[in-house]
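The C-terminal position of the sequence shown is numbered 307 in my numbering, with every residue numbered one higher than the one before it.
Note that beta-carbon positions come from the ideal geometry of N, C-alpha and C, so glycine has one too.
Model, not experiment: these values are computed from the prediction.
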Amino acid sequence: MSIRPVSDSTIYRFPHAFISKKGEPIVVTLLDEPRRHRLIEMYLAFQPRPSFSGLPPADDQACTKWVESMIGRAINLVALSFDKGVVAHEALFPMEGQTCEMLDVVAASVQDCGIGSELARCGMQLAYELGFEKVLVSIEVANARARHVYRKCGFEDASEGDPEDMVLDLRAHRRAMSVCAADIMNARAVTIHPDQPCRQALETFVTRHVGTLPVVDGERRLVGILSTSDLLLPSKLAKRVRDVFTRQVVSVREDVLVAKVVRLLQSTGLRCIPVVDREMKLVGVIGRQDVLAYYAGQDRPRPAAPATGLAPQEPPSAPGTQR
């Protein structure tokens, strides 16, 4: 099988950064030579050894040899902590039939922080971009918690073979994940100007049944976001939007793939993300409901879901006509 060069992947050019459930910045990137030794150190410090299926090996020399062999045979991602170094590892092992096997290991000190889920999603995206059609993972049947996490990422129990095996069929995701944000976004987002009174914003929240409002200037450039939480204190109502809105806002370009939008929605916990053009002018908003509706193939008008900042709209005649 011929796979695409790793240098063509998104994560090669743009490492994935997120905040763990403990509030710690984490970066997921491809393993390079300077971090090779740190990865080995992570496995040598892993407790208990062995932990799963006789791995990692209990003997330090055998463990080092095993990690070196794994690095040589696999496509490797690592999760980096600013103060702990390498804290998680994912290996994608190419197999026959455009299939790869995934192995995820998270250091004990940072487990249950959401790092494993983020790493798995990055690996899925990488496998997709490299041209793999299926991803296999082997999880002990008794490990219900881990199997649940992988199911949330799209894996299903394998219909044949080892009962521990789970599989992700990337062919089913290829079309959905390759469309652009502009194709499924809501182009009729409810917005507000920085100079407008907060009481007017409050009225908009209540009457339009939204939870967030993109803040745009006179040329419709995105300058921030206003949420209902910004107005919870009564004293805020006497101010103007410019005094209370959040200036640091997560946004995406209209040509970004839905796969990237989904990763942002998952990693940030946001319900919607503003969509902008090259000049940072707002062209729409894309929320969880838009993604799910696209998956379901809906083509009828959808009411705005709470906390999306979306206005009801008429159905587009064809994808990409909501602009």
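Work out the CA separation of residue j and residue i for me, nearest whole Å.
| i | j | result |
| --- | --- | --- |
| Q282 | S235 | In this prediction, Q282 scores a pLDDT of 43, lower than 50, which makes its location untrustworthy; the coordinate-derived value is nonetheless stated afterwards. Those two C-alpha atoms are separated by around 25 Å. |
| L152 | R131 | 12 Å |
| L266 | R226 | 17 Å |
| M54 | V174 | 51 Å |
| F36 | D274 | 40 Å |
| S251 | E52 | 31 Å |
| T13 | Q180 | 42 Å |
| V163 | V246 | 12 Å |
| T191 | L197 | 13 Å |
| D44 | D214 | 53 Å |
| G253 | V259 | 17 Å |
| D201 | K244 | 26 Å |
| M26 | A185 | 50 Å |
| L154 | P18 | 32 Å |
| F223 | Q95 | Here residue 223 turns out to be Lys, not Phe, going by the sequence shown. Near 43 Å, if we compare the C-alpha coordinates of Q95 and K223. |
| W50 | V199 | 53 Å |
| F(-2) | L110 | 12 Å |
| P285 | M264 | Interpretation of P285 is limited by its pLDDT of 47, a score under 50 that renders its predicted location unreliable; the figure taken from the coordinates is listed afterwards. Approximately 27 Å between the Cα atoms of the pair. |
| A171 | L23 | 45 Å |
| P178 | R231 | 11 Å |
| E113 | M169 | 23 Å |
| V89 | A128 | 16 Å |
| L217 | H21 | 51 Å |
| V(-10) | G115 | 11 Å |
| D261 | G268 | 9 Å |
| V240 | S(-7) | 14 Å |
| E238 | G145 | 42 Å |
| I270 | R204 | 17 Å |
| E140 | V125 | 13 Å |
| D374 | F30 | In the structure as shown, the chain starts at -15 and stops at 307, and residue 374 therefore has no counterpart that could be examined. |
| R255 | G138 | 20 Å |
| K345 | A104 | The structure shown has nothing for residue 345, since the chain only spans -15 to 307. |
| D16 | S143 | 36 Å |
| E8 | P32 | 24 Å |
| Y278 | S93 | 39 Å |
| E310 | L206 | Since the first and last residues shown for the chain are -15 and 307, residue 310 lies out of range. |
| L276 | H0 | 23 Å |
Under DSSP, the alpha helix (DSSP H) around residue i begins and ends at which residues?
| i | result |
| --- | --- |
| G81 | First-last for G81: undefined, no H or E at that position. |
| A104 | 99 to 114 |
| C256 | Not the alpha helix (DSSP H): C256 falls in the beta strand (DSSP E), residues 256 to 260. |
| L221 | Unbroken run through L221: none, as it is neither H nor E. |
| F189 | 182 to 192 |
| V133 | 128 to 136 |
| T(-6) | -6 to -3 |
| R20 | 17 to 28 |
| D167 | 165 to 168 |
| L249 | 242 to 252 |
Tell me, which residues are paired with residue i by DSSP?
| i | result |
| --- | --- |
| G208 | V199 |
| D149 | S122 |
| P9 | I3 |
| R33 | In DSSP, R33 forms no bridge with anything. |
| K265 | R205 |
| L154 | Answer is none; L154 lacks a bridge partner. |
| L14 | L61 |
| E140 | V151 |
| I270 | I257 |
| R237 | V260 |
Is residue i near residue j, with beta carbons less than 8 Å apart?
| i | j | result |
| --- | --- | --- |
| C106 | L61 | yes |
| P34 | A42 | yes |
| L210 | I176 | yes |
| I(-13) | P78 | yes |
| L221 | C182 | yes |
| V233 | A165 | no |
| R272 | L249 | yes |
| A91 | V71 | yes |
| M150 | Y134 | yes |
| F229 | G208 | yes |
| L64 | I10 | yes |
| Q82 | K136 | no |
| E350 | L87 | Coverage of the chain is limited to positions -15 through 307, which leaves residue 350 absent and any answer about it impossible. |
| G69 | S4 | no |
| I123 | E148 | yes |
Can you find a heavy atom of the ligand ATP that lies under 7 Å from the Cβ of residue i?
| i | result |
| --- | --- |
| T188 | The ligand ATP is absent from the structure shown, which contains no ligands of any kind. |
Runs of 4 residues minimum, wholly inside the region 39 to 93: which ones carry the alpha helix (DSSP H) assignment? The qualifying runs are 44 to 57.
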